[in-house]
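A.B. asks:
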Amino acid sequence: MSSLSIINQLAARQHGVALVHEVHTLGVAREELRHLVRTGRVDRVTRRVLRVPGAPRTDLQAVLIAVLDAAPGAFSCGPTAAALWEVAGYRLLPVHVVRPRGVSGRRSSLAVLHEVKRLFPHHVTVLKDVPVVRPERMVLDLCASEHPRRAARALDDAWRRRLLSGRSLRALVEETSVQGRPGLGVLRALLDERGDDYVPPASNLERRFAAIVAQAGMPEMRRQVDSGDDDRWVGRVDFRDAHLPLVVEVQSETFHSALTDRVHDEIRSSALRAAGFEVVEVTEEQVWHRPHEVVRAVRAARARL
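In this note's numbering, the protein residues as written are 3 to 307.
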């Protein structure tokens, strides 16, 4: 495979950009790369980042370039992370990036840089091919930089869409309290105000599912219910029948793979079934565009019960 093909293949998975270090690791010699840059077949955006000419210049690309250029182990954070997680009222630009302190002393004209003592691996993920802090950490960032009411709206939006929970937020607070992170006081106050049994206002997706059930003449289902058996709490489910041991989970296609994996899902579903529940999983696509499939799945489960 030619050097240009290697770069194009790598960039195709990363919004048209690639790290210089990755390119060298895959076998492209320094002189070959310099030749490709001189002849205009590859753009050198920064010392660390390459771009394929002709690749669409999108905001997502700009975010990824800023993250890759900041340092190894850098992630988008704060308002940029909120926009990636599609929290209402936030934009990708200007790019906010967090990196571990001491990894790099380089400044950046591409991003607002934030440095922390440590980033736990379970506090970060990849969404839309961009490294990003997870929703819990994103909310903590916003609690440190935004007005408390605005941070509260972001928290509710993320909680409503099951991007996080009271349990996951409290775990984050415990882990980061020893570091004295800014925003912890605001986040604690918001959690105490809501309580462990808090149910955020319904999202458009949940309202849509409830409308589908009602239009089909089926009994109304309770929303955001803690479920399990007598011995163990399994989790908070999207919908639960008021009388039958029936649970419906509505999976958001946009964020699902960034927050969980199939093994985790199977463990959770198996635990619910072991507790005596019939579990129906429907997708966001089905709820919005194929409601007849949702009706068929729920009716079949009710018939089995």
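No residue lacks a Cβ here, since even glycine has one placed at the ideal position from N, Cα and C. Owing to the predicted nature of the structure, the values given are computational and were not obtained by experimental measurement.
1) What's the call for T82, buried or exposed, on a 16-neighbour Cβ count within 10 Å?
2) In the DSSP assignment, find the unbroken alpha helix (DSSP H) run with R139 in it and report its ends.
3) Give me the residue from G197, A302 and L6 with the minimum Cα distance to R32.
4) M223 bridges to which residues according to DSSP?
5) Hey, could you find the ends of the beta strand (DSSP E) P102 is sitting in?
6) What first and last residue would you give for the beta strand (DSSP E) that runs through E117?
7) Report yes if the CB atom of A260 is closer than 8 Å to the CB atom of L62, and no otherwise.
8) Flag L129 as yes when its Cβ comes closer than 7 Å to any non-hydrogen atom of the ligand GDP, and as no otherwise.
9) Per DSSP, S254 is paired with what?
10) Which of the three DSSP states is assigned to A309 in this structure?
11) What residue from I9, R163, A154 and G197 has the CA that sits closest to Q253's CA?
12) Give the straight-line distance between the Cα atoms of L174 and R43, rounded to the nearest whole angstrom.
C.D. replies: So, from the data block:
1) Taking the sequence shown and counting its residues from 1, the one referred to as residue 82 is at position 80. Flag for T82 reads buried.
2) On the sequence shown, residue 139 is found 137 positions in, with the first residue counted as 1. Unbroken alpha helix (DSSP H) run through R139: P137 to S147.
3) Stepping through the sequence shown from its first residue, residue 32 is reached at position 30. The shortest C-alpha separation from R32 is found at L6.
4) The count along the sequence shown starts at 1 and reaches residue 223 at position 221. Note: M223 sits in a beta bridge opposite D243.
5) Start at 1 with the first residue of the sequence shown, and residue 102 comes out as number 100. Run containing P102: H98 to P102, per the beta strand (DSSP E) assignment.
6) To locate residue 117, count along the sequence shown from 1; it is residue 115. Residues V114 to V118.
7) On the sequence shown, position 258 is the one that residue 260 refers to. On the sequence shown, position 60 is the one that residue 62 refers to. Not closer than 8 Å, so no.
8) No copy of the ligand GDP occurs in the structure displayed, which carries no ligand at all.
9) As a first step, residue 254 must be located in the sequence shown, where it is residue number 252. S254 pairs with nothing; no bridge assigned.
10) No statement about residue 309 is possible, as the shown extent of the chain runs from 3 to 307 and does not include it.
11) Residue 253 sits at position 251 when you count from the first residue of the sequence shown. Cα-wise, what sits closest to Q253 is R163.
12) In the sequence shown, the residue the question calls residue 174 occupies position 172. In the sequence shown, the residue the question calls residue 43 occupies position 41. Their Cα atoms are separated by approximately 45 Å.
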